[in-house]
Structure formats: structure tokens, C-alpha cells
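The block underneath contains the structure these notes are about, expressed in C-alpha cells.
Numbering (this note's numbering), first residue to last: 26 to 375.
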């Protein structure tokens, strides 16, 4: 007997098959992540010192619940949960952009100095200028933008090298962290306590003003991110290839850096430097999709990570609430150590 030969697919059919599989996987992952975010969002609003039945959460959000449930949900818990979603999504997109631009998993805002700039500026506002929470948030935003500008200018040498971007960013982060620590040594005890809570990353006491502070810029930047996804995908092929395909390399790279910095800065201004969210969101999303670029999924992973971390931070030692940055740090630090150990094993650890 002779075995029946399996006809080989033509190149065009093979490419269509790969695209269909990729689309199906992307759709499935997006639906699952969206459902997970929604369920965690509702659970986060439901639990607390005054629990709200899960079935009453959505009616209370839309104004169809009891007066007590509506007050607890819409005034106390909904702004915090929305801030968590927006901050996590913004950090996730920012990390995905930086890591894709640099083609390096270490290139996230909390590693290369963007968050360090926000922290140094915020602590300066608290310790030296004695500003209110709103002015401190604006100071954090300005500090992140100035740190990004310094990194970009110092890393520029006839173009932007991803390797120089990461290296200069780590150096800037070290300098700004030292400045922050020096400012803390000058602070009064109550100022230092306030600064440390902010530096850890916290969603405690977040209200509608924080939702607006993150939500409005996110709505403005979302179409820009969508428009820049294709140039970002082409930039991953290399500068020469991207130029050959019609991409204005330096213009697109600068626009992507500005968008990523703005997303990280506004998130840090609203909730403090919630560490490792930008760092781990994009790698998780890429592993789920099996693709080198996953900006939308990184946003969903970031939102889910912050929601889950805040839920754990609130209930682990209830009624004492931990800052959400402690939980994300516990999650992200082992991943960083694993990444560095893996780089050493394959000979890229320096």
C-alpha cells in the first residue's frame, strides 16, 4: 500500500491560514481578558467592609439600586475601580510601546527612568514646596516628561539606538532615585510618610477627579495609539526595512515615545509609580497571543493585574489596606529576576 500524500498548501493559502489562526487566537484572548477584567471589576466593587451582593453591583452603577448601595458603589468604590482599570491599561500600553521600540523586555517606564522622574518631582513638591495632592500630581507629570526628554536627548546619536535608550534610562533612573532618597532625608516625619505612601503606588482614596485625570487623556491618546500601531509593527523589522516601506522612522519613533511617556506619566500622577505593571503586561500579552506585538492585549492585562492586585491589597489584611504597589512588586520582582537569570544563561547577561 502507498501512503496518501497530503497536498502542500500554496504560499498564499498558507499565509491566509496563518492570518485566520492569528485572528481567531487574538479574538479569543481579547474576549477572555475582557470578561476577566469585567468580572474582577464587579468583584472589586462588591467586596468591602460593607459588602454589596454581586448581582446588585451593575444596577447600582447605572443608578437602579438602593440608595445605600448606590452611595457605596458610585461614591466610594466605582472611582477607585475605574482608576485601577485606566491606570493599569495605560501602564500596559506604555510598557508595550517602549519594549517594542527598544526590542528589549527591560525597556519599560519603571526601569528606564520615566517613573523615577515622576517620583523625584512629586517628592520635591511634597517635601520642599509642601503642595496639595493636585499640584503634586502635576509635578509628577512634569517630572516624567522632563526625565523622558533627558533620556531621549542623551540617547540620541545620529538617530535613536534602542540599546542606548535602555542604558541611558537606567543611569537616569539611578540618579533620580538618589535624588528622591536625599529629599526624603530632609523631610519631616509626616511629609516622609505622605511621600512614602505615594512612592509605593496606592489607590486608596481615589475619587472621580483621579478618573478624569487619567480618563480624559486616555481618550485623547487612544486614537493616536491605534494610528501608530502599524508604524510600530514595521519598526520592529528594522529601520532600513521600515524606511523602505514608507515609514518616517525618527518621526514615528518620537511620536511613539511621547505617547508612551504621556501614558506612564498620567498614570503615575494619578496612582503613584505602581511598579512592574508596565514591565510584565506586554510579555504576558505576547505569550498569550504568540505575536511580537500586543498593544491592545497589554492594556487588558495591565488593567486586570492592577484590579487583582488592588483587590488582594484591600482584603489580604482587612481592615488594613496595603498600597497596591506592594502587591504588584511581589508579582513583578520574581519575573525580573527570572528574566535576568535567563539572559545570563543564554549569554546576554553581560
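Heads up, the beta-carbon is just placed ideally off N, CA and C, and yes, glycines get one too.
For clarity, every value in this text was computed on a predicted model and none was experimentally measured.
Asked	Found
Close beta carbons around residue 44, own chain, < 7 Å, minus the five adjacent residues each side	none
Presumed contact (8 Å Cβ cut-off) between residue 143 and residue 169, rounded CB distance	4 Å
Contact under 8 Å by Cβ, residue 117 with residue 328	yes
Residue interval of the alpha helix (DSSP H) (run including residue 182)	Counting along the chain, residue 182 falls outside any alpha helix (DSSP H), and DSSP gives it neither H nor E.
Contact set for residue 31: own chain, Cβ-Cβ below 8 Å, skip 5 residues either direction	The predicted position of residue 31 is uncertain, since its pLDDT is 46 and thus under 50; no value can be drawn from it.
Cβ distance (whole Å) where residue 381 is taken to contact residue 284 below 8 Å	For residue 381 there is no data in the structure shown, the boundaries of the chain being 26 and 375.
Simplified DSSP state of residue 342, which is helix, strand or coil	strand
Contained alpha helix (DSSP H) runs [length at least 4] in the segment 199 to 268, N- to C-terminal order	214 to 225 and 233 to 260
Cβ-based neighbour list, residue 359, same chain, cut-off 7 Å, excluding 5 preceding and 5 following	none
Boundaries of the alpha helix (DSSP H) in which residue 119 is found, first to last residue	103 to 127
Residue 306: first and last residue of the uninterrupted alpha helix (DSSP H) it sits in	302 to 314
Residue 261 and residue 128 closer than 8 Å at C-beta	yes
Span of the alpha helix (DSSP H) around residue 139	139 to 149
DSSP three-state assignment for residue 132, whether helix, strand or coil	coil
Contact between the segment 45 to 56 and the segment 68 to 84 (3+ Cβ pairs under 8 Å)	no
Sub-8 Å separation of residue 203 and residue 239 beta-carbons	no
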